[in-house]
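Residue numbers (our numbering), protein chains in the order written: chain U, 925 to 1320; chain W, 925 to 1320.
Spelled out as structure tokens, the structure:
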């Protein structure tokens, strides 16, 4: 009963894993390497070679031992085994990796045992701190590139949450034409990041605005707002919020965020025009908040979530206990996971249990692990399916 | 002939420099300390004590030597002399500084000689890399706090520059009411950061949006757009841009940025409604670009710039050679500098030479060095003076 789409591994994707480091032509490749797009402007290293090996270079003349390490076991940078760097005559340290997977990878330097950022790289909020990131272009994909199409904006919106008693930030993507069509109203996707990330992550790591600009330009997705909140929320007056303290996030979304967005932007205040999705921790938040508030949300997306035991009769407050009711209430239930994700078995079993229970949903699987390149592809598949129901068609 | 405002040193400001480290009551103060507002959410350290001493704590069990250092000689954190940290029984390292100046200070950790970021702190683009920052609240000032007033937005705007051949980002502050008044048009301030900073700096370090929100709520400043560009620009086809490569920035502003802003936002396309200002390197850019393009800009602000030899007859293409002409063309020429800034003598001599030449201008001096707290105060004084000329009054 599910609409299944399996991502076909493209040749280039396999290629990088079977390519041996070439023993000739290194000098030319060295010269042909390009600074990573994630570098600080003007920095030569990290440098990406045509075969996607990456050379890191670090200035640390007093250090005894320097290494570079991918931050996740499955990011493609040699797992999470550090690459030891070699000291050069000029006091810098250098290493060239094997070919690295296209996409975005968190990484760290290890200076005499201390894990830290690479000053040559931009930093990205991930792993609950500002972390270096390596963007490796994918020659086969351009759906998240900046192109000559009309561009929307990402707006930094301050607002006050009564739930937490704080001033908080939401990032709000507005589509091209939002300002020039002041009578048009838009559907809204609430889109959450993963644990240890924040409201900036979907824009900076995920390139949400460029993905949406391109989908909208190609008329593959409807123009919509995308709201990204910082995701952690503890009730006012409770203990100081920790990075994982998100017990009040559902209340914040319903009581503070949705009303603020609907009163600040030209939205369509209608459950059929409001979706909630997220990745990893955000996938859990989307399922919990969305399914507990089906009067507000008719579309839900789970990107690389799952892992919890799922019982269609009792889970999520029994939202799936009667499949006919669930199918009537949900315009879109979308579930996706990378086949290399440790949560893949959990996501698959959720998908299969929903299938067995007769709950209509989209299922998306493809190569990749728990990483941003997968989530970019998830958004690329998910966003075009949103707000296409009869109500959506009628309204827009 | 200049309108002079001298900032009176407030008692608290002097207080922090003469306060001896108290030898009693340390335990209570330790408990009363609060995490710095610039910390990563949920991180206890850096912790600011009521007397503004700051405790830093770092986990680096394998390191031999750990220190923390302010990034600028005059930031108030013991100059740029590192504070050596002491290893504790649990493997963390700690130090408590003397009382630190209110405001924003870049800082670094030094782990076995390697300067790097503090994982407990947010990072800010400064010194041509992502750098840790310490925000120390000022109990005497709230003009840059988030308050219960209508909030504008900061919009991340992608656009294509023909000058450099790149996709680039500008950050655009739009005032409260911009969306709800779709027929209103607004004046524009182009506002540039300093060397080694970028388009994010005025928002993140400078709190431009909160300053403008508060000034507009108090009706001290007119609603306006504030455009912040990344500031480095090299002609397409020339060598790879370095962090200091800004030879084509003037051309980019005139040929690409201003036309993009005027065609994308509801601006008043009129020299009386367009200003350019900046700090440090950006002050030089504002003076050079503004004075060379008086058909586009009638208001110019120089925050902590100067230092070049100035000759009223020949400098800036002779824009001040005839003071009557200059006074006619310039609605506002604003020059400010901290008395503790190494560029103070240069800024003062520019101010005096303009006075002697009979060029009308605003002059603002006050305590502080080459630092963001000074630039926040500059903006607070500068923005209310903008677009108040006869044409501005007529149009708005």
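Every residue, glycine too, gets a C-beta built ideally from N, C-alpha and C.
Under a 10 Å Cβ-count criterion, residue 1236/W is classified as buried, with 16 or more other Cβ atoms of the shown protein chains found around its own Cβ. Of all residues in the region 967-998 of chain U, those with a C-beta nearer than 7 Å to a C-beta of chain W are 984, 986, 987, reading in chain order.
Neighbours of residue 1077/U in chain W, taken as residues at a C-beta separation under 7 Å, are given in chain order as 1079, 1080, 1081. DSSP lists 1058/W as the beta-bridge partner residues of residue 1029/W.
Cβ-Cβ distances below 7 Å link residue 1094/U to 1081, 1083, 1123, 1151, 1152, 1153, 1181 in the same chain, with the five nearest sequence neighbours on each side left out; the list follows chain order.
Taking C-beta atoms as the reference points, residue 1017/U and residue 984/U count as a pair closer than 7 Å. For the 7 Å CB-CB criterion, residue 1041/U and residue 1041/W form a contact. Where residue 1095/W is concerned, the enclosing beta strand (DSSP E) starts and stops at 1090-1098.
With a contact defined as Cβ atoms closer than 8 Å, residue 1141/W and residue 1074/W qualify at about 6 Å.
For chain U, the residues of the region 1042-1058 of chain W that bring a beta carbon within less than 7 Å of one of its beta carbons are 1043, 1046, 1047, 1052, 1053, 1054, in chain order. Residue 1187/U is classed as exposed because its beta carbon has fewer than 16 other beta carbons within 10 Å across all chains shown.
Taking a Cβ-Cβ threshold of 8 Å, none of the residues of chain W is close to residue 1151/U; the smallest such distance is about 13 Å.
Distances from the alpha-carbon of residue 1004/W to those of 1013/W, 1015/W, 992/W, 1131/W put 992/W closest.
In the three-state reduction of the DSSP assignment, residue 1075/U falls in the coil class. Under the DSSP definition of a beta bridge, residue 1045/W partners with 963/W. In the assembly as shown, residue 1036/U is a buried residue. Its beta-carbon has 16 or more other beta-carbons within 10 Å. Not flagged as an interface residue toward chain U: residue 1193/W, since no C-beta distance is shorter than 7 Å.
Collapsing the DSSP output to three states places residue 1253/U in a helix.
At a cut-off of 7 Å, the C-beta of residue 1035/U has a neighbouring C-beta in chain W. Note on geometry: alpha-carbon atoms of residue 1179/U and residue 1310/U lie some 24 Å from one another.
Residue 1192/U and residue 1052/U have their alpha carbons spaced roughly 34 Å apart. Per the coordinates, the alpha-carbon of residue 1135/U lies some 11 Å from the alpha-carbon of residue 1306/U.
No residue range can be given for residue 1067/W, since it is assigned to no alpha helix (DSSP H) and is classified by DSSP as neither H nor E.
In the three-state scheme derived from DSSP, where H, G and I count as helix and E and B as strand, residue 1191/U is classed as strand. Interface residue (Cβ-Cβ distance to chain W less than 7 Å): residue 1070/U is classified as such. About 21 Å separates the CB atoms of residue 1234/W and residue 1293/W; that is not less than 8 Å, and the two are not in contact. Between the alpha carbons of residue 1296/W and residue 1130/W lies a gap of roughly 6 Å. For residue 964/U, the closest Cβ of chain W is nearer than 7 Å.
Contact annotation, residue 1088/W with residue 1172/W: C-beta distance approximately 6 Å; criterion of less than 8 Å satisfied. Collapsing the DSSP output to three states places residue 1203/U in a strand.
Contacts between residue 1091/W and chain U, judged by CB atoms closer than 7 Å, involve 1070 in chain order. The three-state secondary structure of residue 1156/U, taken from DSSP, is coil.
In terms of Cα proximity to residue 1283/W, the closest of 1303/W, 1252/W, 1300/W is 1252/W. Looking at the backbone, the Cα of residue 1056/W and that of residue 1126/W are separated by about 16 Å.
Put simply, the CB of residue 1038/W is near chain U, with a gap under 7 Å to one of its CB atoms.
Rounded to whole angstroms, residue 1105/W and residue 1102/U show a C-alpha spacing of 14 Å.
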